[in-house]
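Working notes, beginning with the structure itself.
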Amino acid sequence: MPRLNIADLAAMSPAALRAAWREQYRKPAPDIGPDLLRRGIAWRIQARVHGELPRSTVRAIETAQRRLERTGSVSSPRDLAIKPGTRLVREWQSKTYHVLVLDDGFEHDGRHYTSLSQIARA
């Protein structure tokens, strides 16, 4: 098969896509529809041109996959740790909101909250 371009994928039949998958991945195509075959082949072509994903990204994806299999959810725990004493400032609808980060939550307008979502709903 001649060199494959991403633009060529749109016009390819399912059988041609499966053959292209085998060529790109050196194994039979999985039992998925033509749209996903196109996406997988396009990704592989781009990876060859621009390089594979960094190992740290691959690990993060694998961790998310295991979490999905275990819990049914792909949401990840927050890696962001805002240090106590940090003052968060947000302007919304012409009003400025100030929130102080505490060891055990947040303070806004002199009241204690356990999450920023609680403040948003207040």
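The opening residue of the sequence shown carries number 3 in this note's numbering; numbering runs sequentially from there.
Backbone N, C-alpha and C define an ideal beta-carbon position, used for all residues, glycine too.
Assigned exposure category for residue i - 16 Cβ within 10 Å defines buried
i, result
"Val60", "exposed"
"Leu39", "buried"
"Gln67", "exposed"
"Val91", "exposed"
"Ile121", "buried"
"Leu55", "exposed"
"Leu70", "exposed"
Residue i (DSSP reduced to helix, strand or coil)
i, result
"Gly112", "coil"
"Leu6", "coil"
Option in the options with minimal Cα separation from residue i
i, options, result
"Ile43", "Gly35, Glu54, Tyr27", "Tyr27"
"Met14", "Ala83, Arg41, Asp33", "Arg41"
"Trp45", "Trp23, Ser58, Arg123", "Trp23"
"Leu6", "Glu93, Val51, His110, Lys85", "Val51"
"Leu104", "Thr116, Ala62, Gly53", "Thr116"
Distance between residue j and residue i (C-alpha atoms, nearest Å)
i, j, result
"Ala12", "Val76", "30 Å"
"Pro16", "Thr65", "32 Å"
"Arg113", "Thr73", "34 Å"
**Request:** Give, in chain order, every unbroken run of the alpha helix (DSSP H) that is at least 4 residues long and sits entirely within the segment 13-76.
**Result:** Complete alpha helix (DSSP H) runs here, min 4: 16-27, 36-52, 57-73.
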